[in-house]
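*Asks:* One point on numbering: in numbering that gives the first Met the number 0, the residue at position 156 of the sequence shown is 155, and numbering is uninterrupted. The C-beta atom is built at its ideal place from N, Cα and C for all residues, glycine as well. The model shown is predicted, which means the values in this text are computed figures rather than measured ones.
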Amino acid sequence: MLGLEVSLAISPTAVVIQAAIFFGVLVIVSALLLRPMIRLNDARHAATTLRSNHATQLNAGAATSEDEYRTKIDAALHEARQSKDQQRQAGFAEATKILNAARTQALAQMDAAKSELQKEVEAAKQLLTASAADFGRTIAERVLERSLEEAVGDVAKGPERDPMLIGKAN
0 MLGLEVSLAI SPTAVVIQAA IFFGVLVIVS ALLLRPMIRL NDARHAATTL
50 RSNHATQLNA GAATSEDEYR TKIDAALHEA RQSKDQQRQA GFAEATKILN
100 AARTQALAQM DAAKSELQKE VEAAKQLLTA SAADFGRTIA ERVLERSLEE
150 AVGDVAKGPE RDPMLIGKAN
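1) For the alpha helix (DSSP H) containing S146, name the first residue and the last one.
2) Which stretch, first to last residue, makes up the alpha helix (DSSP H) that contains A13?
3) Tell me the rounded alpha-carbon separation between E140 and L127.
4) Leaving out the 5 sequence neighbours to the left and right, which residues in its chain are closer than 7 Å to A62 when beta-carbon positions are compared?
5) Which of the three DSSP states is assigned to N169 in this structure?
6) Can you tell me whether DSSP reads L7 as helix, strand or coil?
7) Roughly how many angstroms lie between the CA atoms of L31 and F21, to the nearest whole one?
8) Alpha carbon to alpha carbon, how far is L57 from Y68? Give it in angstroms, no decimals.
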């Protein structure tokens with residue numbers, strides 16, 4: 000190389016002094032810097048683990064509470080549905096009962112009206128039957144232009160007394 004030669008002469012006392020300084024600094028740095036950092040790191044780890052465990056316990060408690068809540072809600076919904084169904088069935092039964100009573104009453108009223116109408120028809124028939132004889136008599140008297148008794152009496156006496164038959168007997 001350039002022709003420079005360097006000779007290194009290391010004395011054993013210098014190595015011992017250097018080692019003593021190194022280990023002294025190591026002890027001081029360890030006591031003042033490394034141990035407090037390790038303690039701080041351990042304390043942070045312990046606090047984090049403690050909080051993590053506490054959060055896990057809270058989550059488990061919340062899940063249990065949520066399950067209980069859902070169970071209670073489901074039970075309440077089931078009970079409400081049953082109550083609703085019972086009320087609906089009771090309402091249908093009551094409506095059917097009312098409708099049947101109304102139907103029975105309507106049929107009874109219809110039967111009574113039919114019976115009353117039949118009675119009125121029979122009374123009208125009797126009245127018309129009685130009136131028909133009088134009506135026939137009245138028509139006959141108007142046609143004969145005299146009372147029916149006179150006409151019957153004249154017919155019994157003979158054709159010569161009947162003004163309708165006079166001149167027709169020959």
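*Replies:* So, from the listed chains and residues:
1) That residue, S146, is in no alpha helix (DSSP H); it is neither H nor E in DSSP.
2) P11 to V28
3) 19 Å
4) none
5) A caution first: N169 carries a pLDDT of 46, below 50, which makes its placement in the model too unreliable to give a value.
6) coil
7) 15 Å
8) 16 Å
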